[in-house]
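Report on the following structure.
Number of protein chains: 2
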Amino acid sequence: MQSDIDIARAATLKPIAQIGEHLSIPAEQLIPFGHDKAKLSQDCMDALADRPNGKLILVTAISPTPAGEGKTTTTVGLGDALNAIGKKASVCIREASLGPCFGVKGGAAGGGMAQVVPMEEMNLHFTGDFHAVTAAHNLLAAMVDNHIYWGNDLDIDVRRIKWRRVVDLNDRSLRQITTGLGGVANGFPSESGFDITVASEVMAILCLAENHKDLQRRLGDIIVGYRRDRTPVSCRDIGADGAMTVLLKQAILPNLVQTLENNPAFVHGGPFANIAHGCNSVLSTKAALKLSDYVVTEAGFGADLGAEKFFNIKCRKAGVAPDAAVIVATIRALKMNGGVAKADLGTPDEDAVLAGCANLGRHIENVKKFDVPVVVAINHFTSDTVEETAVVQRYVESMGCKAILCTHWADGSKGAVALAEAVVAMTEQEKPQFKLLYRDSMSFVTKIEIVAKEIYGAKGVLINQKIRQQLEQWEAEGYGELPVCMAKTQYSFSTDPTLLGAPSDFDVPVREVRLSAGAGFIVVICGEIMTMPGLPRKPAALSIHLNEKGDIEGLF
Amino acid sequence: MQSDIDIARAATLKPIAQIGEHLSIPAEQLIPFGHDKAKLSQDCMDALADRPNGKLILVTAISPTPAGEGKTTTTVGLGDALNAIGKKASVCIREASLGPCFGVKGGAAGGGMAQVVPMEEMNLHFTGDFHAVTAAHNLLAAMVDNHIYWGNDLDIDVRRIKWRRVVDLNDRSLRQITTGLGGVANGFPSESGFDITVASEVMAILCLAENHKDLQRRLGDIIVGYRRDRTPVSCRDIGADGAMTVLLKQAILPNLVQTLENNPAFVHGGPFANIAHGCNSVLSTKAALKLSDYVVTEAGFGADLGAEKFFNIKCRKAGVAPDAAVIVATIRALKMNGGVAKADLGTPDEDAVLAGCANLGRHIENVKKFDVPVVVAINHFTSDTVEETAVVQRYVESMGCKAILCTHWADGSKGAVALAEAVVAMTEQEKPQFKLLYRDSMSFVTKIEIVAKEIYGAKGVLINQKIRQQLEQWEAEGYGELPVCMAKTQYSFSTDPTLLGAPSDFDVPVREVRLSAGAGFIVVICGEIMTMPGLPRKPAALSIHLNEKGDIEGLF
Chain R
5 MQSDIDIARA ATLKPIAQIG EHLSIPAEQL IPFGHDKAKL SQDCMDALAD
55 RPNGKLILVT AISPTPAGEG KTTTTVGLGD ALNAIGKKAS VCIREASLGP
105 CFGVKGGAAG GGMAQVVPME EMNLHFTGDF HAVTAAHNLL AAMVDNHIYW
155 GNDLDIDVRR IKWRRVVDLN DRSLRQITTG LGGVANGFPS ESGFDITVAS
205 EVMAILCLAE NHKDLQRRLG DIIVGYRRDR TPVSCRDIGA DGAMTVLLKQ
255 AILPNLVQTL ENNPAFVHGG PFANIAHGCN SVLSTKAALK LSDYVVTEAG
305 FGADLGAEKF FNIKCRKAGV APDAAVIVAT IRALKMNGGV AKADLGTPDE
355 DAVLAGCANL GRHIENVKKF DVPVVVAINH FTSDTVEETA VVQRYVESMG
405 CKAILCTHWA DGSKGAVALA EAVVAMTEQE KPQFKLLYRD SMSFVTKIEI
455 VAKEIYGAKG VLINQKIRQQ LEQWEAEGYG ELPVCMAKTQ YSFSTDPTLL
505 GAPSDFDVPV REVRLSAGAG FIVVICGEIM TMPGLPRKPA ALSIHLNEKG
555 DIEGLF
Chain V
5 MQSDIDIARA ATLKPIAQIG EHLSIPAEQL IPFGHDKAKL SQDCMDALAD
55 RPNGKLILVT AISPTPAGEG KTTTTVGLGD ALNAIGKKAS VCIREASLGP
105 CFGVKGGAAG GGMAQVVPME EMNLHFTGDF HAVTAAHNLL AAMVDNHIYW
155 GNDLDIDVRR IKWRRVVDLN DRSLRQITTG LGGVANGFPS ESGFDITVAS
205 EVMAILCLAE NHKDLQRRLG DIIVGYRRDR TPVSCRDIGA DGAMTVLLKQ
255 AILPNLVQTL ENNPAFVHGG PFANIAHGCN SVLSTKAALK LSDYVVTEAG
305 FGADLGAEKF FNIKCRKAGV APDAAVIVAT IRALKMNGGV AKADLGTPDE
355 DAVLAGCANL GRHIENVKKF DVPVVVAINH FTSDTVEETA VVQRYVESMG
405 CKAILCTHWA DGSKGAVALA EAVVAMTEQE KPQFKLLYRD SMSFVTKIEI
455 VAKEIYGAKG VLINQKIRQQ LEQWEAEGYG ELPVCMAKTQ YSFSTDPTLL
505 GAPSDFDVPV REVRLSAGAG FIVVICGEIM TMPGLPRKPA ALSIHLNEKG
555 DIEGLF
């Protein structure tokens with residue numbers, strides 16, 4: 005069997021100008037990066053303003069398990085299948101982070117016959133967006149310390165600097181550091197640390213900004229620290245917002261690549277899905293909507309986190325509404341949610357599948373709460389039995405939905421034609437009024453409670469007095485209209501990663517809250533959240549190298 | 005008067021494929037980055053192997069002063085002038101570092117009518133080479149700490165880790181830090197720090213490597229630290245050399261851009277000129293030599309540092325020999341070397357010019373010691389008088405050389421035609437046997453003494469016993485064949501930056517020596533060397549922004 009990388013390398017890529025041409029983008033409005041990658045130029049973006057929008061399809065998934073669901077694979081397969089049945093469709097996915105590639109292994113964009121290419125470049129420097137985010141983030145950090153060094157006119161409390169630094173690597177040694185050592189010439193000693201670039205608020209901002217002006221405004225709104233009187237100091241106070249915008253001038257423009265079947269794919273941005281909203285950029289989604297009849301996109305983790313944030317944060321802020329959602333499930337992942345250990349997944353087990361369907365069922369109900377039409381895609385594995393698949397289909401039908409068996413991993417677009425037809429049928433009916441789950445004007449505590457109860461199925465939330473006071477203070481300071489960005493484990497509806505299926509009778513404890521004033525949400529942390537991964541004992545980097553032919557080995 | 009950036013913005017750039025075509029590079033052998041930048045593909049590089057070489061012209065300068073010399077401007081002007089008189093010529097210069105752009109101001113590539121464009125991209129992310137160096141450097145740092153974290157099989161002494169981290173920013177707070185704080189999960193507390201990316205040994209390696217294989221070998225040779233028994237641990241021992249090579253796979257390929265007059269310019273690499281050799285990459289110089297009749301390149305600082313290292317390190321290691329050298333001088337800089345204060349440069353002063361010629365004279369003598377034919381370019385400023393210029397010309401003629409007045413800053417190629425003709429005349433005579441100043445087999449102390457006495461004009465060198473022992477140890481370990489990379493102030497032949505002109509009767513004290521085993525030289529530090537700059541009180545970043553039209557303001 006061919007590996008993903010073998011398939012990707014064997015693909016015949018079209019020159020990127022031809023992919024642009026298919027979307028009616030003149031070649032001079034593309035900024036090429038090599039022969040198979042490009043950014044849409046500002047001229048291109050400006051020319052789109054008055055065009056009508058295509059339909060927006062969100063691909064989300066059941067709660068993730070080590071068995072894998074294939075959300076990106078299904079996003080790509082559905083995009084290709086829509087093109088195969090004569091629709092002009094694009095896919096919109098996130099960029100890969102460099103750091104993890106050297107830890108475990110590079111993340112392919114999709115898999116099997118449903119991939120986005122060129123895979124290697126997408127897993128390395130791509131068009132440099134993440135490097136630009138890193139540079140912009142760290143420039144602000146340097147300017148904060150420089151401000152203090154030269155007299156600290158803003159009276160920043162060095163103990164209350166909140167702006168850390170970032171690097172696009174897994175490097176646990178940088179999680180907690182002391183800076184400014186070595187004497188007067190090096191500034192004031194200060195506790196600090198590095199997060200991975202995808203955890204940067206700058207990354208979240210890049211993915212929510214509507215244009216350069218909005219980008220600069222959001223960057224300016226970042227809170228970098230506090231004075232001794234606890235009043236906040238912003239990036240705008242420091243004066244870094246203009247220079248950061250210049251560093252991100254090109255990074256904000258959507259990247260265009262292609263699928264194995266030479267259909268357009270926008271791969272742009274990659275904010276964390278826990279402390280941020282976990283979706284590709286608003287600008288690329290909006291550009292794709294102007295350029296295509298159908299846009300297929302995905303959101304991080306399962307629907308409880310990914311779809312919830314896609315709807316309540318991205319759609320709310322960007323003013324876009326989804327036309328339909330696809331929930332991806334695999335028989336294997338349903339079995340794990342039904343209590344089967346990973347080692348036993350090879351054994352047919354209809355009971356376990358049915359037990360696991362409880363997880364799928366709650367995700368379906370959740371998506372319906374937003375009044376978004378939903379269909380289930382069963383992403384076929386070769387070990388699945390007909391009977392197991394039938395269990396899922398019956399279960400989903402009992403909920404008034406369809407579950408469609410898809411084989412795009414093995415067959416490419418052909419394997420997802422039925423899914424594409426179902427999606428088209430759903431979206432050709434009258435568009436329902438997309439409904440957000442909570443109103444801007446509600447209190448933060450109410451917003452948190454609504455997500456926890458309506459989406460997670462919790463009894464309630466546990467928020468201590470100190471955190472409640474913090475939330476009230478932010479409301480008093482004028483941040484009360486912001487949505488909440490929930491950061492909890494992706495493995496369970498609850499905050500306990502071992503509670504699979506569809507747990508109930510649990511509370512959601514809020515451990516910490518953070519204000520991402522530039523991104524425009526508050527982060528509600530429920531459990532341990534790691535913002536700087538470490539490398540494993542035998543990192544993938546040990547086997548990554550160029551072979552005699554000059555090809556990359558070991559990255560996948 | 006138009007500013008450099010106004011001139012650069014008003015330039016009519018040709019599509020980069022046309023620039024490549026002029027060099028007979030097929031479009032498919034260029035990797036485009038936008039419409040006006042490209043990398044030469046590996047296929048392009050492979051196709052060059054058997055071609056004859058053009059002639060190599062080094063542009064160097066008198067000792068730099070705050071008055072400015074215009075070395076890059078002259079490099080570009082000479083390249084354009086060679087093209088104007090019918091020669092196929094390319095220029096080879098270094099890339100700009102991102103960090104300093106946000107400190108003082110962006111460095112234009114040349115000036116006036118002699119510039120390389122696109123200026124903005126070249127001062128920001130360009131083709132991502134420096135970001136790739138940063139990532140490769142920091143991956144090694146993470147892997148060193150990760151190795152220690154998982155059991156330290158190599159028995160690295162955490163107090164003797166020599167591999168720091170890098171960031172392409174001016175950030176004094178990162179000069180000296182403590183990492184690995186916060187408990188067991190974050191590794192072992194360790195003293196560390198960040199240098200600016202151009203100070204990375206990886207940058208020096210990128211600029212000296214001949215191909216991917218040589219790149220990996222050199223990366224593997226980097227010494228990251230020592231065991232308790234003082235034996236070295238290399239990057240190869242850590243196993244990071246393959247992954248670093250993959251990160252640098254594309255960064256090693258030369259970048260092609262153009263001058264204002266649409267002539268080819270290779271802008272690639274940018275190692276520090278003090279702790280490294282300060283020249284553009286060997287690969288771009290070699291490619292340019294295969295593609296052009298004349299290649300005009302430059303080296304950092306004055307000829308005592310730049311030309312000496314260009315000859316003794318780059319030419320030695322790359323096996324290339326210069327055909328001629330141009331020493332750039334300005335009347336203003338000669339006056340400063342003759343004792344005039346910057347504020348008084350506007351007053352004609354032939355005596356001061358003559359006094360300053362002593363500096364020029366010693367640089368001329370030095371270049372002649374390598375048996376390289378030399379011509380002086382007087383880079384004209386509007387305030388220069390005819391009499392002052394005549395002083396220099398008489399002085400230079402008395403040394404058996406020519407000094408040619410050049411006005412390329414104001415007039416472009418037309419202003420450097422006389423210089424171009426002089427260069428062509430020099431190189432059409434029989435090529436002299438280029439002579440290195442010291443042999444590989446000499447001891448480190450002898451090599452240092454030769455440079456100090458023959459080039460700097462010192463009485464001797466002061467090397468204490470501890471440093472002598474270190475040098476002897478490296479010789480015993482097999483590093484004795486390496487050249488010496490001198491790191492001293494660029495403002496004086498001596499190690500005292502206030503001793504202008506042509507001082508004598510001084511000693512050169514060696515403060516520290518470092519082994520750059522991957523780059524392939526030892527660094528001999530004579531005085532304070534800063535490898536991480538700080539930002540000034542009012543950094544340029546405060547005024548850098550996008551204007552209403554979306555153009556960058558404040559970067560220049």
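Here the protein sequences come in this chain order: R and V. Under this note's numbering, the first residue of the first sequence is numbered 5, with each subsequent residue one higher. Under this note's numbering, the first residue of the second sequence is numbered 5, with each subsequent residue one higher. No residue lacks a Cβ here, since even glycine has one placed at the ideal position from N, Cα and C.
Contacts around residue i, its chain only, beta-carbon distance under 7 angstroms, and the 5 residues preceding and following it disregarded
i, result
"residue 357 of chain R", "335, 338, 339, 342, 392, 395 and 396"
"residue 258 of chain V", "43, 44, 270, 272, 285, 287, 288 and 291"
"residue 493 of chain V", "499, 501 and 531"
"residue 373 of chain V", "441 and 458"
Contacts that residue i makes with chain R (C-beta to C-beta distance below 7 angstroms)
i, result
"residue 174 of chain V", "146"
"residue 109 of chain V", "Simply none; closest approach about 12 angstroms."
"residue 546 of chain V", "243"
"residue 37 of chain V", "37"
Exposed unless 16 or more other CB atoms sit within 10 angstroms - verdict on residue i
i, result
"residue 49 of chain V", "buried"
"residue 554 of chain V", "exposed"
"residue 421 of chain V", "buried"
"residue 552 of chain R", "exposed"
"residue 69 of chain V", "buried"
"residue 282 of chain V", "buried"
"residue 520 of chain R", "buried"
"residue 205 of chain R", "buried"
"residue 155 of chain R", "exposed"
"residue 67 of chain V", "buried"
"residue 388 of chain V", "buried"
"residue 244 of chain V", "buried"
Interface partners of residue i on chain V, CB under 9 angstroms
i, result
"residue 549 of chain R", "220, 245, 246, 247, 249 and 250"
Neighbouring residues, chain V, relative to residue i (Cβ below 7 angstroms)
i, result
"residue 191 of chain R", "176 and 177"
"residue 554 of chain R", "46 and 216"
Interface residues of chain V facing residue i [CB-CB closer than 8 angstroms]
i, result
"residue 562 of chain R", "Absent from the structure is residue 562 of chain R, since the part of chain R shown begins at 5 and ends at 560."
"residue 182 of chain R", "181, 182 and 185"
Partner residues on chain R for residue i, Cβ-Cβ distance less than 8 angstroms
i, result
"residue 543 of chain V", "147 and 150"
"residue 560 of chain V", "Simply none; closest approach about 12 angstroms."
Sheet register partners of residue i (DSSP bridge)
i, result
"residue 490 of chain R", "R/528"
"residue 239 of chain V", "Residue 239 of chain V is not bridged to any residue."
"residue 59 of chain V", "V/298"
"residue 548 of chain R", "Partner(s): none; residue 548 of chain R has no beta bridge."
Neighbouring residues, chain R, relative to residue i (Cβ below 9 angstroms)
i, result
"residue 272 of chain V", "Under the 9 angstroms cutoff, chain R gives no residues; its nearest Cβ is about 16 angstroms from residue 272 of chain V."
"residue 24 of chain V", "Per Cβ cutoff of 9 angstroms: no residues; residue 24 of chain V is ~14 angstroms from chain R at best."
"residue 154 of chain V", "539, 540, 541 and 542"
Cutoff 8 angstroms; reference residue i; Cβ partners in own chain excluding five residues on either side
i, result
"residue 106 of chain R", "173, 174, 539, 543, 544, 545 and 548"
"residue 61 of chain V", "82, 298, 299, 300, 301, 326, 327, 328, 329, 330, 427 and 431"
Residues of its chain near residue i, where Cβ-Cβ distance is below 6 angstroms and the 5 sequence neighbours each way are ignored
i, result
"residue 4 of chain V", "Nothing in the structure corresponds to residue 4 of chain V, since chain V is present only between 5 and 560."
"residue 563 of chain V", "For residue 563 of chain V there is no data in the structure shown, the boundaries of chain V being 5 and 560."
"residue 103 of chain V", "172, 173, 174 and 200"
Report yes or no: do three or more beta-carbon pairs, one from the stretch 205 to 221 of chain V and one from the stretch 189 to 196 of chain V, lie closer than 8 angstroms? Counting Cβ pairs under 8 angstroms, fewer than three are found: no touch.
Touching by the beta-carbon criterion (3+ pairs, under 8 angstroms), the stretch 300 to 319 of chain V and the stretch 233 to 240 of chain V: Judged by Cβ distances under 8 angstroms, the stretch 300 to 319 of chain V makes no contact with the stretch 233 to 240 of chain V, as fewer than three pairs qualify.
Three or more C-beta pairs below 8 angstroms linking the stretch 313 to 327 of chain V and the stretch 430 to 447 of chain V: Contact holds between the stretch 313 to 327 of chain V and the stretch 430 to 447 of chain V, because three or more Cβ pairs, one in each stretch, are under 8 angstroms apart.
Contact between the stretch 109 to 123 of chain R and the stretch 81 to 99 of chain R (3+ Cβ pairs under 8 angstroms): Yes, since at least three Cβ pairs between the stretch 109 to 123 of chain R and the stretch 81 to 99 of chain R fall closer than 8 angstroms, the two stretches touch.
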